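Undergrad: Dumping the structure here so I can ask a few things about it.
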Amino acid sequence: MKLPTLILSLTTPFLWAEPEVDVIEIDATETDVTEVDDIDLEPQFEELEDDGSRVSVLGYHEFHASKPLTQMRIQTKKFRTQMREIKASGIPVIDMEKFVQWRKGEAELPPKSFLITIDDGWKSVYTEAYPVLKELELPFTVFLYKNYVGSSRGGRAMSFAMINEMLESGLCTIGSHSVSHPFPGTVKKNLKAGPEIYDAFLQKELGESKTFLEDNFAKPVTTYAYPGGFHTPEMFPLADELGYDNLFTVKPGKVSRASPRHILPRYIVLGNSNGAFKSAMVFRSGASLAGGITAPVALPYPVNPQAGHIISSRLPVISAELSQVDGLDLDSVVMRVGGFGKVPCKVNPETKEVSWTANRPLRQPICEVSLQWKLKGKESYEPIMSWSFGIDRVSNYQSQ
Ligand SMILES: [Zn+2]
Numbered sequence: 092m093k094l095p096t097l098i099l100s101l102t103t104p105f106l107w108a109e110p111e112v113d114v115i116e117i118d119a120t121e122t123d124v125t126e127v128d129d130i131d132l133e134p135q136f137e138e139l140e141d142d143g144s145r146v147s148v149l150g151y152h153e154f155h156a157s158k159p160l161t162q163m164r165i166q167t168k169k170f171r172t173q174m175r176e177i178k179a180s181g182i183p184v185i186d187m188e189k190f191v192q193w194r195k196g197e198a199e200l201p202p203k204s205f206l207i208t209i210d211d212g213w214k215s216v217y218t219e220a221y222p223v224l225k226e227l228e229l230p231f232t233v234f235l236y237k238n239y240v241g242s243s244r245g246g247r248a249m250s251f252a253m254i255n256e257m258l259e260s261g262l263c264t265i266g267s268h269s270v271s272h273p274f275p276g277t278v279k280k281n282l283k284a285g286p287e288i289y290d291a292f293l294q295k296e297l298g299e300s301k302t303f304l305e306d307n308f309a310k311p312v313t314t315y316a317y318p319g320g321f322h323t324p325e326m327f328p329l330a331d332e333l334g335y336d337n338l339f340t341v342k343p344g345k346v347s348r349a350s351p352r353h354i355l356p357r358y359i360v361l362g363n364s365n366g367a368f369k370s371a372m373v374f375r376s377g378a379s380l381a382g383g384i385t386a387p388v389a390l391p392y393p394v395n396p397q398a399g400h401i402i403s404s405r406l407p408v409i410s411a412e413l414s415q416v417d418g419l420d421l422d423s424v425v426m427r428v429g430g431f432g433k434v435p436c437k438v439n440p441e442t443k444e445v446s447w448t449a450n451r452p453l454r455q456p457i458c459e460v461s462l463q464w465k466l467k468g469k470e471s472y473e474p475i476m477s478w479s480f481g482i483d484r485v486s487n488y489q490s491q
């Protein structure tokens with residue numbers, strides 16, 4: 092078996108925090124990002140075929156009615172607004188059981204749905220979020236880590252009684268979030284200590300947390316959220332052995348039935364920015380668009396990134412395919428990109444594809460592109476073609 096030794100969490104700039112502390116930002120090279128899709132998984136983990144349905148998984152942490160917003164803490168009012176927006180969208184919120192069944196091929200889903208998840212087990216899940224979810228009848232999953240359940244530390248953790256009450260409501264499902272919520276540094280330290288120590292460490296974090304939750308709440312636990320989204324390939328076979336069938340990261344994106352089960356994407360909604368929530372609301376068909384981005388229909392020729400879409404790379408290849416332009420003068424093509432001006436795009440004489448790869452990260456949430464060209468023998472330019480797409484800047488971070 093050949094698995095990559097480095098995966099995205101190791102090479103992406105990330106943010107994470109322990110529940111009691113503020114977020115620490117750690118910079119890494121921005122360009123050295125491996126996309127989730129590139130990861131090669133061994134055949135026994137092969138997923139089912141894509142049925143076209145997409146699930147947007149939202150991840151929250153802590154809630155508060157009045158404290159200032161932070162990345163990991165969202166104000167209750169804002170959370171309520173977001174949940175109302177979801178409700179108003181008409182796109183269903185499914186529960187984890189349905190999600191798991193769909194992933195196994197045992198249930199069908201509509202083309203679009205949401206799954207709501209909340210990490211750590213803060214008391215404010217019960218006091219702030221749960222009333223909203225109950226009122227709107229939205230199912231949700233809490234990813235709990237053993238050492239925090241019922242913890243008296245700071246009096247800010249949910250008690251067993253609170254969790255039980257939410258479970259009894261039928262709206263809540265539980266999943267595992269490890270035993271100790273280890274920082275990536277701790278995981279790496281154990282990894283460096285050799286396979287035996289690392290295996291014992293993982294057995295405990297993934298295994299003991301599962302047993303603990305199953306014993307205490309009498310519910311099967313088959314889902315896991317990596318603390319800080321941090322994972323290494325050694326976790327995958329162990330997760331299979333322990334009976335986890337869906338494991339969530341913090342890399343934004345929609346889940347399909349074919350998404351690799353060990354690295355499912357999730358939109359971590361930060362309390363102090365709207366980017367991830369907006370991205371989570373946009374499904375590929377373009378039913379809902381972030382303000383300011385052109386609608387994904389009006390262009391005469393195919394372009395990439397597509398108009399109105401939100402991408403996660405800040406170094407995209409921007410291209411347009413002009414093979415349908417009769418008599419295109421290849422030398423006349425001019426591409427302009429917002430923030431860059433005129434860029435040295437290349438034109439492929441065979442395919443008539445015009446492309447340019449961003450040579451420094453796009454900094455704005457919306458990128459505007461325009462293309463102009465002449466027809467052979469003509470003096471003036473043809474009508475300008477322009478479009479814009481969004482960049483999910485939150486995707487450049489790993490948050491807890
Ligand atoms: Zn966490």
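The sequence shown begins at 92 in my numbering and counts up one residue at a time.
Note that beta-carbon positions come from the ideal geometry of N, C-alpha and C, so glycine has one too.
All values reported here derive from a predicted model rather than from experimental measurement.
Could you tell me whether any non-hydrogen atom of ligand 1 is closer than 7 Å to the CB of P275?
TA: no
Undergrad: Can you tell which of P324, K437, L462, P159 has the C-alpha that lies nearest to the C-alpha of G429?
TA: L462
Undergrad: Is the beta carbon of S267 less than 8 Å from the beta carbon of V233?
TA: Contact annotation: S267 and V233 have beta-carbon atoms that are not nearer than 8 Å.
Undergrad: How long is the line joining the alpha carbons of V191 and K345, rounded to whole angstroms?
TA: Spanning the two alpha carbons is a distance of roughly 15 Å.
Undergrad: Using a Cβ distance threshold of 8 Å, determine whether the stretch 242–261 contacts the stretch 212–223, with at least three qualifying pairs required.
TA: As far as the Cβ criterion goes, the stretch 242–261 touches the stretch 212–223, which means the pair count is three or higher.
Undergrad: Put N450 into one of helix, strand or coil per three-state DSSP.
TA: In this structure, N450 counts as coil in the three-state DSSP scheme.
Undergrad: Give me whichever residues DSSP pairs with E345 in a beta bridge.
TA: Inspection of the sequence shows that residue 345 is occupied by Lys rather than by Glu. In the DSSP assignment, K345 is bridged to S147.
Undergrad: How many angstroms separate the CA atom of E470 from the CA atom of V394?
TA: Cα to Cα, the separation comes out at about 25 Å.
Undergrad: Return the CA-CA distance between K283 and E228, expressed in angstroms with no decimal places.
TA: 46 Å
Undergrad: List the endpoints of the continuous alpha helix (DSSP H) containing E226.
TA: Residues 221–226.
Undergrad: Is the beta carbon of V341 closer than 8 Å to that of G150?
TA: Going by C-beta atoms, G150 is nearer than 8 Å to V341.
Undergrad: Please report the distance separating the alpha-carbon of P328 from that of L338.
TA: 12 Å
Undergrad: Assuming contact is defined by CB atoms lying nearer than 8 Å, are Y315 and L304 in contact in what I supplied?
TA: no
Undergrad: How about F322: is its Cβ closer than 7 Å to a heavy atom in ligand 1?
TA: Rather than Phe, the amino acid found at residue 322 in this sequence is His. Outside the cutoff, so no.
Undergrad: Can you give me the C-alpha to C-alpha distance between Y472 and G432, rounded to a whole angstrom?
TA: 18 Å
Undergrad: Quick one: give me the first and last residue of the alpha helix (DSSP H) that K369 is part of.
TA: 366–372
Undergrad: Evaluate D113 with the Cβ neighbour count: other Cβ atoms within 10 Å of its Cβ, from every protein chain shown; 16 or more gives buried, anything less gives exposed.
TA: Legend: pLDDT at D113 = 29, less than 50; position of this residue unreliable, value from coordinates given subsequently. Exposed, since its Cβ has fewer than 16 Cβ neighbours within 10 Å.
Undergrad: What do you reckon, is the C-beta of H272 under 7 Å from a heavy atom of ligand 1?
TA: yes
Undergrad: Please name the residue in D211, F170, G276 whose C-alpha comes closest to that of S157.
TA: Of the residues D211, F170, G276, the one whose Cα lies closest to the Cα of S157 is F170.
Undergrad: Should H155 be listed as close to ligand 1, given that the test is whether its C-beta is under 7 Å from any heavy atom?
TA: no
Undergrad: On the DSSP letters alone, give me the boundaries of the beta strand (DSSP E) that Y315 sits inside.
TA: 314–316
Undergrad: Roughly how many angstroms separate the alpha carbons of F368 and F374, rounded to a whole number?
TA: 12 Å
Undergrad: By how many angstroms is the C-alpha of M253 removed from the C-alpha of S370?
TA: 32 Å
Undergrad: Does DSSP put Q32 in a helix, in a strand, or in coil?
TA: With the chain represented from 92 up to 491, any question about residue 32 goes unanswered, as that position is not in the structure.
Undergrad: Which one or two residues does DSSP pair with L206 in a beta bridge?
TA: V148
Undergrad: Starting from the C-beta of S423, find all residues in its chain whose C-beta is less than 6 Å away, skip the five residues before and the five after it, and write them out in chain order.
TA: Same-chain partners within the cutoff: W464, K465.
Undergrad: Would you mind stating whether I265 and K310 have Cβ atoms separated by less than 8 Å?
TA: yes
Undergrad: Apart from the five residues on each side of it in sequence, which residues of its chain come closer than 7 Å, Cβ to Cβ, to W478?
TA: T385, L390, V394, A398, V460
Undergrad: Answer with buried or exposed for A248, where buried requires no fewer than 16 other C-beta atoms within 10 angstroms of its C-beta.
TA: The residue is buried, with at least 16 neighbouring Cβ atoms inside 10 Å.
Undergrad: Grab the span of the beta strand (DSSP E) containing S267 for me, first residue to last.
TA: Its beta strand (DSSP E) spans residues 263–267.
Undergrad: Output the boundary residues of the alpha helix (DSSP H) element that contains Q173.
TA: 167–180
Undergrad: Taking the continuous beta strand (DSSP E) assigned at N337, which residues delimit it?
TA: 337–339
Undergrad: Can you name, in chain order, every residue of its own chain whose Cβ lies under 7 Å from the Cβ of K237, other than the five neighbours on each side?
TA: Within its own chain, the residues whose Cβ lies closer than 7 Å to the Cβ of K237, once the five positions on either side in sequence are excluded, are V270, E299, S300, F303, listed in chain order.
Undergrad: For K443, collect the residues of the same chain with a Cβ closer than 8 Å to its Cβ; drop the 5 residues on either side in sequence, then sort them by chain order.
TA: E412, L413, S414, V416, L419, L421
Undergrad: Quick check: the Cα distance between L262 and P456, rounded to an integer number of angstroms?
TA: 35 Å
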